[in-house]
Amino acid sequence: MADSWSLFTSHDYTLTTPQYQNYMRNIFGTENYNRGITFQNSIRSNGYNILLSLPNAHFIIGTDVPTISAIKFQYIGNDIDSVILEDMQYDILGDGTVPYLSATMMKQVKNLDANRQLELAYTNHEQTISSDKALTGICNVLRYGSFIIPSDLNAHKRYIVLRIACPVEVSVNCNEETLSSSTDNLSVLSSFGCLDFLGENDDIKMLCIEESDAYTINLQGTAAGTMDYEIRWFDENNNITEKKTFNDVPITENTKILTGTDRTKGIVLNVDENGDGTFDQVINPDETVSTPQKWWQKLPSWLQWIMRYIFFGWVWMAF
Numbered sequence: 413m414a415d416s417w418s419l420f421t422s423h424d425y426t427l428t429t430p431q432y433q434n435y436m437r438n439i440f441g442t443e444n445y446n447r448g449i450t451f452q453n454s455i456r457s458n459g460y461n462i463l464l465s466l467p468n469a470h471f472i473i474g475t476d477v478p479t480i481s482a483i484k485f486q487y488i489g490n491d492i493d494s495v496i497l498e499d500m501q502y503d504i505l506g507d508g509t510v511p512y513l514s515a516t517m518m519k520q521v522k523n524l525d526a527n528r529q530l531e532l533a534y535t536n537h538e539q540t541i542s543s544d545k546a547l548t549g550i551c552n553v554l555r556y557g558s559f560i561i562p563s564d565l566n567a568h569k570r571y572i573v574l575r576i577a578c579p580v581e582v583s584v585n586c587n588e589e590t591l592s593s594s595t596d597n598l599s600v601l602s603s604f605g606c607l608d609f610l611g612e613n614d615d616i617k618m619l620c621i622e623e624s625d626a627y628t629i630n631l632q633g634t635a636a637g638t639m640d641y642e643i644r645w646f647d648e649n650n651n652i653t654e655k656k657t658f659n660d661v662p663i664t665e666n667t668k669i670l671t672g673t674d675r676t677k678g679i680v681l682n683v684d685e686n687g688d689g690t691f692d693q694v695i696n697p698d699e700t701v702s703t704p705q706k707w708w709q710k711l712p713s714w715l716q717w718i719m720r721y722i723f724f725g726w727v728w729m730a731f
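FYI, the numbering used here numbers position 266 of the sequence shown as 678, with every residue one higher than the one before it.
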């Protein structure tokens, strides 16, 4: 897994500083880009961030919200414009926007006096300035020069990542809540996790959900093709502990697949090929899957022979 996430692989293109700046302007807009540059310049001296050295600087850090921490691109052309987002890593310690290492300035903030740092569990980026505890801390700093209140002592949760690359819609259900990629029932945030879209046409779905055996995962085919499905388990420190992979699973617009996250029962794909409510096959991880048989291919060989005889006899008579 680690090898596939190298962030330092060289590529056959160059990107100058002006080109990079233009990309940032295109993404965020010139006005927002200029504001960002002005702010960054205000907290730097000789090219270095000086916030940590300012005696009256205090830091609120949100944690325990799934946060994108690394991305993996696929190159479909010869320049930087010809890439699609293929895969991602999540940071369960982040605030939903900023990964934990960035929010803590590579953990340097953790070396400050405890009264200058306030870590809030299950708090997203916006809530670091709007939650009751955050606002109490801010008021204490303005009034007393210290947060006073302690950081949350939280045991971070283990989590699961799903990656589904194929022409399907996915829904994950738990305790009457649902994450769903369907446009008719779109839901990308829940109390147990989040859903993100990747790929050239949002055809790759990724979910980061708290570890549990209680999830029901439904996959509904939307077109003919094949599916790559992977489920990954991570510990509370973002280390992958196990993964199961299913490659080249045949899909049609009628395919329905039911699976789950309970490893004690085994991770398999229960496939209903034609949507009639009956599972036609059970697929195990890393299993080579054959193309689903047509209805007549499932008939006894002697009956198939009679049908072919009748069909070709009818064709011969027609001509």
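Glycine is no exception: its CB is placed at the ideal position from the N, C-alpha and C atoms.
Quantities reported herein were computed from a predicted structural model and do not represent experimental measurements.
Counting C-beta neighbours from all protein chains within 10 Å, is the total for residue i 16 or more, i.e. buried, or is it exposed?
{"i": "N536", "result": "buried"}
{"i": "K677", "result": "exposed"}
{"i": "T653", "result": "exposed"}
{"i": "E685", "result": "buried"}
{"i": "Y447", "result": "Residue identity check: residue 447 is Arg in the sequence provided, not Tyr. That one is exposed."}
{"i": "L610", "result": "buried"}
{"i": "C551", "result": "exposed"}
{"i": "E594", "result": "The residue you asked about is not Glu; residue 594 is Ser in the sequence shown. Classification of S594: exposed, given that the 10 Å Cβ count is below 16."}
{"i": "Q431", "result": "exposed"}
{"i": "Y556", "result": "exposed"}
{"i": "G549", "result": "buried"}
{"i": "F646", "result": "buried"}
{"i": "Q520", "result": "exposed"}
{"i": "A515", "result": "buried"}
{"i": "D476", "result": "buried"}
{"i": "Y460", "result": "exposed"}
{"i": "V661", "result": "buried"}
{"i": "Q452", "result": "exposed"}
{"i": "I629", "result": "buried"}
{"i": "M413", "result": "Caution is warranted here: a pLDDT of 35 is assigned to M413, below 50, making its placement in the model unreliable, and no coordinate value can be reported."}
{"i": "Q433", "result": "exposed"}
{"i": "F420", "result": "Model confidence at F420 stands at a pLDDT of 42, short of 50, so the residue's coordinates are unreliable; what they give is reported in the following sentence. So F420 counts as exposed."}
Between which residues of its own chain and residue i is the CB-CB distance below 6 Å, once the five residues before and five after are set aside?
{"i": "Y487", "result": "V495"}
{"i": "N696", "result": "V680"}
{"i": "S558", "result": "N527"}
{"i": "R644", "result": "V573, I652, K655"}
{"i": "T509", "result": "H537"}
{"i": "S563", "result": "L530, E531"}
{"i": "N566", "result": "A533"}
Inspect the beta-carbon positions of residue i and residue j and report whether they are closer than 7 Å.
{"i": "T426", "j": "I572", "result": "no"}
{"i": "A533", "j": "T540", "result": "no"}
{"i": "M618", "j": "R675", "result": "no"}
{"i": "L591", "j": "S603", "result": "no"}
{"i": "I616", "j": "M639", "result": "no"}
{"i": "P478", "j": "C606", "result": "yes"}
{"i": "D507", "j": "S481", "result": "no"}
{"i": "N651", "j": "L670", "result": "no"}
{"i": "S464", "j": "I455", "result": "Contrary to the premise, residue 464 reads as Leu rather than Ser in this sequence. Not in contact: L464 and I455 (Cβ atoms no closer than 7 Å)."}
{"i": "Y627", "j": "V680", "result": "no"}
{"i": "I483", "j": "L497", "result": "yes"}
{"i": "I473", "j": "E531", "result": "yes"}
{"i": "Q529", "j": "F471", "result": "yes"}
{"i": "G687", "j": "N666", "result": "yes"}
Which residues share a DSSP beta bridge with residue i?
{"i": "V580", "result": "G633"}
{"i": "D507", "result": "V477"}
{"i": "M500", "result": "I483"}
{"i": "I663", "result": "G637"}
{"i": "L547", "result": "None; L547 has no bridge partner."}
{"i": "L427", "result": "Note: L427 sits in no beta bridge, so no partner."}
{"i": "K617", "result": "I576, F609"}
{"i": "K732", "result": "Outside the modelled stretch of the chain, which goes from 413 to 731, sits residue 732, for which no answer is possible."}
{"i": "Y460", "result": "S457"}
{"i": "I669", "result": "L631, V683"}
{"i": "S593", "result": "S593 is not bridged to any residue."}
{"i": "S602", "result": "G605"}
{"i": "V694", "result": "N682"}
{"i": "Q529", "result": "F471"}
By Cβ distance below 7 Å, which residues in the same chain neighbour residue i in space, the five residues on each side in sequence not counted?
{"i": "E622", "result": "K569, Y571, F604, G605"}
{"i": "Y435", "result": "none"}
{"i": "D614", "result": "none"}
{"i": "C586", "result": "F604, S624, A626, Y627"}
{"i": "N698", "result": "A quick correction: the sequence has Asp, not Asn, at residue 698. Closer than 7 Å at the Cβ level, and outside the excluded window around D698, lie T657."}
{"i": "S355", "result": "Coverage of the chain is limited to positions 413 through 731, which leaves residue 355 absent and any answer about it impossible."}
Can you list, in chain order, the residues of its chain whose CB lies under 8 Å from that of residue i, leaving out five sequence neighbours each side?
{"i": "F485", "result": "V495, I496, L497, E498"}
{"i": "I561", "result": "L530, K545, T548, G549, N552"}
{"i": "N444", "result": "none"}
{"i": "D692", "result": "V683, D684, E685, N686, P704"}
{"i": "V694", "result": "V680, L681, N682, V683"}
Taking contact to mean at least 3 C-beta pairs separated by less than 8 Å, is the region 587-598 in contact with the region 651-658?
no
Would you say the region 620-635 touches the region 577-594, given that touching needs at least three Cβ pairs under 8 Å?
yes
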